[in-house]
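Notes to accompany the following structure.
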Amino acid sequence: MSNPSASSSRHYQVIRKLERNAEQGQVLYLAKDNTTKQPVVLTRFILSQFGFNQYDYEAFQQEVQVLKGLNHPGIPRYLDSFKTTDSFCLIQEYKNAESLAVARNFTLEEIKKIAVSLLEILVYLHNHIPCVIHRNIQPESVLVDDQLNVYLVDFGLPIMRGQVEFDYGAGTLGFKAPEQLYHRQITEATDLYHLGVTLICLLTKTKSTEIHTLIDKQDRINFQHLAPISLSQGFINWLDKMVQSNRKERYSSAAVALEALNVLEFMRLPEVKFIPSVLEFKANKFGEKLTQPITVSNSIPDTVLKGTWKVTLHPHDPICHSGSHAWIFFEPAKFESNYAKCQITVDTSKLRSSKTYKRQIVLHANTSPTTHSLPLNIKTAAIETKQLPFVSLIAVFVMAVAGGWLEAWALGGEVSLLGYVVGFFIGLLVAAMTGILVKQHRKRGFSGILAVGIAIATTALGMCIGIGLKLGFSNLFLQFALVGTGLPLSMMIVWSLFKQARRILKYRRSERYLVKP
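So the sequence shown is numbered by the numbering used here: it starts at 20 and just counts up by one.
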């Protein structure tokens, strides 16, 4: 029979021959159903090329029943079948879609969707009873429409694993699995091999007629050097497993392969590197705001790192409805850069004094994994006591008393040269000690006025007492001097102690509202 329409003109009219690469012994036509006026695909199997004759129609009918029993949106429905004198014809639903053999520019995400759709079809076929093995998946047998709907077509005959354990003729050169080349038993893994090779053609833009150029003498397909640079290494490894020459090293089933693919990142992703990798904060003053820089970098080419800073929830931290943290802040909180300079600020005024806090900050990024944690250690300062330097005060006071006594002794009689010399050196010594005392107060956080006032009053009081010890305290002017220096000194000391006590009391009252470690 040269034209199938000769014996089927009552039902189907051939329009044209399809260019899809069917197996040897098959011819595909685009035809029209004369009854429904719908386009259909007519597949003609030339009996002599399959070793059958016109009396084996019953065997074909068993195969057709399996095809008709397939019900999956990715498999065009089988509608009808009939025989002629030299061929057997199948009628199948027509899908208005181009095969993967037609050059198109799919994105990596679209290729992943195609791979997932094909695996879902194979899961259905391999779980069907009886199991259906396609045996000849290649770009020409995969149709994809504009909405990215995927259809698997061009099922060969015979198709049932239960009837055919060894495959001597199916498959296209370059797509044949090693078990087909060496006439070994075919399994579901054979379809996985064909699917892997088809995806390699799609990703490397290799024509199906040239795929054999990628196969080495050990039947391995070397495609890695042609894969897009933005393709993840995880997916390359997955695809390499699909096309292993030893079928036992492939995925055990389409379901397992699909599960492995679904958890993979298909595209190459950025990586994250922190400098420094641990953050240590130590406050020198209570309530101090501490800031440290941190650099986040990505060295993967053709990728851009996007990140958002967060603080891991801690049971002692108050919840902020604004989304920010109560006492840890980031600048910037979000970034899109392969070299981001960020600053982390800790407000210790909301923390308890003399405590160590341990928290975790997290960077959510477009990476795998998507979260990266960093430990954050904070040591808070003690409450500022501002204790008076009593040891220094006593030392200055004693020296001032001695100085006053010596001065009174030197000047007790007629002023002589010795008196002038003694007075000069005593004045220098007292002035030096007073300066040291002022410096001690300033180092402990006292104001300049208070530091100078206490130092001068202590020195003056000591000298007055020293003079009184030598000359007596009956002098009215000396009594006024004692009161004029002793009373202000007492008031300044009491005021300083009062402020310290009030500061501690205020902290104790607010401590229960401060964040616990």
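All C-beta atoms in this analysis are idealised placements derived from N, C-alpha and C, irrespective of residue type, glycine included.
Small disclaimer: the values here were computed from a predicted structure and weren't measured.
- In chain order, V534, K535, P536 place their CB closer than 8 Å to the CB of H335, counting only its own chain and leaving out the 5 sequence neighbours on each side.
- Membership of L61 in the beta strand (DSSP E) is indicated by the continuous run 58 to 65.
- For I152, the secondary structure class from DSSP, reduced to helix, strand or coil, is coil.
- Here the alpha carbons of D165 and A116 stand approximately 7 Å from one another.
- A Cβ-Cβ separation of about 15 Å leaves E284 out of contact with V323 under the 8 Å criterion.
- Under the rule that a run must span 3 or more residues, the beta strand (DSSP E) segments found entirely inside the stretch 279 to 358 read 292 to 294, 298 to 301, 308 to 316, 325 to 330, 347 to 350, 353 to 355.
- Non-local beta-carbon contacts of F79 in its own chain, meaning distances under 6 Å to residues more than five positions away in sequence, involve F107 in chain order.
- Cβ atoms of T223 and A246 come within 8 Å of each other, at about 6 Å.
- Within the same chain, and ignoring the five residues on either side of V513 in sequence, no residue has its Cβ closer than 6 Å to its Cβ.
- A Cβ-Cβ separation of about 6 Å places L370 in contact with Y376 under the 8 Å criterion.
- Residue burial is scored here from C-beta neighbours: C220 has at least 16 other C-beta atoms within 10 angstroms and is therefore classed as buried.
- Cα atoms of V121 and Y170: separation of roughly 15 Å, rounded to the nearest angstrom.
- In the structure shown, H202 falls within a coil segment according to DSSP collapsed to helix, strand and coil.
- Only buried fits L280, as 16 or more other CB atoms lie within 10 angstroms of its CB.
- Under the three-state reduction of DSSP, L127 is assigned to helix.
- Nearest in C-alpha terms to Y526, of all of K308, P337, A400, L167, is A400.
- The beta carbon of I294 sits closer than 6 Å to the beta carbons of T314 from its chain, once the five residues preceding and following it are set aside; these are given in chain order.
- For K398 against F300, the beta-carbon gap comes to about 7 Å, under 8 Å, which counts as contact.
- Taken atom to atom, the span from the alpha-carbon of A427 to that of F496 is near 14 Å.
- When DSSP states are grouped into helix, strand and coil, I34 belongs to the strand group.
- Taking C-alpha positions only, V415 is separated from F305 by approximately 31 Å.
- Shortest Cα-Cα distance from D321 to any of G503, L250, S100, L109 involves L250.
- The shortest C-alpha to C-alpha distance from L233 to any of F194, K260, D52 is the one to F194.
- Residue environment for F499: exposed (fewer than 16 other C-beta atoms within 10 angstroms of its C-beta).
- Note that the C-beta distance between G326 and A384 is below 8 Å.
- From the listed residues I110, K102, I65, T104, the smallest Cα separation to K87 is found for I110.
- Under the DSSP assignment, V513 falls in the alpha helix (DSSP H) whose first and last residues are 495 to 529.
- Considering only A352, T126, P337, the residue with the shortest C-alpha distance to W328 is A352.
- The three-state reading of DSSP puts F194 in coil, since its state is none of H, G, I, E or B.
- Annotation: the continuous beta strand (DSSP E) that includes L47 extends over 45 to 52.
- A direct Cα-to-Cα measurement between K292 and H340 gives close to 30 Å.
- When secondary structure is reduced to three states using DSSP, L370 falls in the strand class.
- For the pair L66 and Y48, the CB atoms are not nearer than the 8 Å cut-off.
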